[in-house]
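Chemist: For the sequence shown, the positions run 1 to 275 when the numbering used here is used. First the structure, then my questions, so here it is.
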Amino acid sequence: MKFFVILCLYIGILFAKPSQEIPTITQSAYEIFEISHITLQNKKGKSYKIHIAKPKKENHHNYATLYLLDGNVFFPILLNLLTHTDKYKYLPIIVGIGHESNLAFDRKLRTLDYTPPLDSKFNKTFTGGGGADAFYSFITGIVVPYIAKNYPTNPKKKAIFGHSFGALFVLHTLLHYPQSFEYYFIASPSLWWGESSFLPKNPAIASSPTAVILMIGEKEELKGEQQINIKQLTTYLQQLMPQNTTLRYVEFSNKTHGSVIAPALFNTIKYLNSQ
């Protein structure tokens, strides 16, 4: 526990300001996980880095799978957080989906892939985005089938995590393709994108995800374009979600948009382990 507190403090400092440094995976993480890195392409030939960690601890059931956006940086962060995992009976297979870039956060690429399409009236203000549906097709049509074919996964325990623009993508997937994952972890979504106009006025959630977890840092500041905050988003989703879907709102005290990353990732693992 002491180790985790120190590590969270370190990562909190690291992410208090934007950083393009990608942490090195520790030796302790290699002792817990079988780690591999591959490249997969979408149907148009665009390449993505796929980082995969399978727990070495034997699981008598098939593994839950956690898909991480911004995988180039969040994959090593999460693995390094999990170096003291004796209290967790089950760990998921962790799949980091990253761009073909040496940057921790490639703004141009993630803006394109993670943001939903907008009405044309927003094109001059919010540029370079709108590719969320194509990226969704890559994840569900190529990445998920690859993992299912090559690893012992439980098809009823697929989870996806995103932060900021990544959280916007997870939210978009939930609203338009809710059947794709059972667990949706949405951390500090960039609700200012398109002045929140991407939220459907009368959406219909046809299927029932197991859980939707919304997370935010107490010290986060709203941008001027933002028409809705995460508490209002929670109310919005409460009206949409079927009764058998668990919906939770988690606020981390004294955390900013950057420093919330580590506790949000750790909370994701904690929640999955409880299922």
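Glycine is no exception: its CB is placed at the ideal position from the N, C-alpha and C atoms.
If you follow the alpha helix (DSSP H) that T268 is part of, which residue opens it and which one closes it?
Modeler: 261–273 is the span of the alpha helix (DSSP H), which, as asked, contains T268.
Chemist: Would T115 and F169 qualify as a contact pair, given that the criterion is a beta-carbon distance under 9 Å?
Modeler: Their beta carbons are under 9 Å apart, which means T115 touches F169 by this criterion.
Chemist: Count the other CB atoms within 10 Å of the CB of A264; is the residue buried (16 or more) or exposed (fewer)?
Modeler: It counts as buried.
Chemist: By how many angstroms is the C-alpha of Q41 removed from the C-alpha of I77?
Modeler: Computed Cα separation, rounded: 24 Å.
Chemist: Measuring straight from C-alpha to C-alpha, what distance separates P189 and H163?
Modeler: The alpha-carbon atoms of P189 and H163 are separated by roughly 6 Å.
Chemist: Under the three-state reduction of DSSP, which class applies to H257: helix, strand or coil?
Modeler: H257: coil per DSSP, three-state reduction.
Chemist: What's the gap between the Cα of A29 and the Cα of D133?
Modeler: Looking at the two C-alpha atoms, the distance is approximately 33 Å.
Chemist: Scan the region 77–133 and note each continuous alpha helix (DSSP H) run of 4 residues or more that stays entirely inside, going in chain order.
Modeler: For the region 77–133, whole alpha helix (DSSP H) runs of length 4 or above, ordered along the chain, are 107–114.
Chemist: Out of G194, K89, N80, T153, which has the shortest C-alpha to C-alpha gap to K124?
Modeler: When only C-alpha atoms are compared, the closest one is G194.
Chemist: Spell out a yes or no on whether the region 246–262 and the region 195–202 are touching, meaning 3 or more CB-CB pairs, one atom from each, closer than 8 Å.
Modeler: Counting Cβ pairs under 8 Å, fewer than three are found: no touch.
Chemist: Does the Cβ-Cβ distance between Y177 and A211 come in under 9 Å?
Modeler: Going by C-beta atoms, Y177 is not nearer than 9 Å to A211.
Chemist: Does the region 62–81 touch the region 94–103, meaning 3 or more C-beta pairs lie closer than 8 Å?
Modeler: Yes, they touch.
Chemist: Quick check on the burial criterion: 16 or more other C-beta atoms within 10 angstroms. Buried or exposed for A206?
Modeler: Label assigned to A206: exposed.
Chemist: Is the region 106–114 in contact with the region 52–60, if contact means three or more CB pairs nearer than 8 Å?
Modeler: Output reads no: the region 52–60 does not touch the region 106–114.
Chemist: For G217, which residues from the same chain have a beta carbon less than 7 Å from its beta carbon, with the 5 sequence-adjacent residues on both sides left out?
Modeler: The residues are S188, F252, K255, T256, H257, S259, V260.
Chemist: Would you list the one or two residues that DSSP bridges to V212?
Modeler: BP columns for V212 point to Y184, L247.
Chemist: Starting from L237, trace the alpha helix (DSSP H) both ways and give me its first and last residue.
Modeler: Per DSSP, L237 belongs to the alpha helix (DSSP H) from 230–238.
Chemist: Can you name the residues that DSSP bridges to P55?
Modeler: Paired residue(s): F33.
Chemist: Starting from T173, trace the alpha helix (DSSP H) in both directions and tell me its first and last residue.
Modeler: Per DSSP, T173 belongs to the alpha helix (DSSP H) from 165–176.
Chemist: What is the DSSP secondary structure of I205, reduced to helix, strand or coil?
Modeler: Coil, per DSSP.
Chemist: Is G141 helix, strand or coil by DSSP?
Modeler: Helix.
Chemist: Tell me which same chain residues have a C-beta within less than 8 Å of the C-beta of Y151, skipping the five on either side of it?
Modeler: So the qualifying residues of the chain are I52, K54, Y63, T65, I93.
Chemist: Of all the options Q275, Q243, M215, L79, which has the alpha carbon lying nearest to the alpha carbon of Q232?
Modeler: Selected option, being the one with the closest Cα: M215.
Chemist: State the beta-bridge partners of K158 as determined by DSSP.
Modeler: K158 is bridged to T65.
Chemist: How many angstroms separate the CA atom of L91 from the CA atom of K121?
Modeler: Cα to Cα, the separation comes out at about 45 Å.
Chemist: Return the CA-CA distance between P242 and S101, expressed in angstroms with no decimal places.
Modeler: Distance between the alpha carbons of P242 and S101: 39 Å.
Chemist: Going by the CB atoms, is the gap between F74 and F181 shorter than 9 Å?
Modeler: No, they are not a contact pair.
Chemist: In this structure, does DSSP put Y48 in helix, strand or coil?
Modeler: Residue state, collapsed to three classes: strand.
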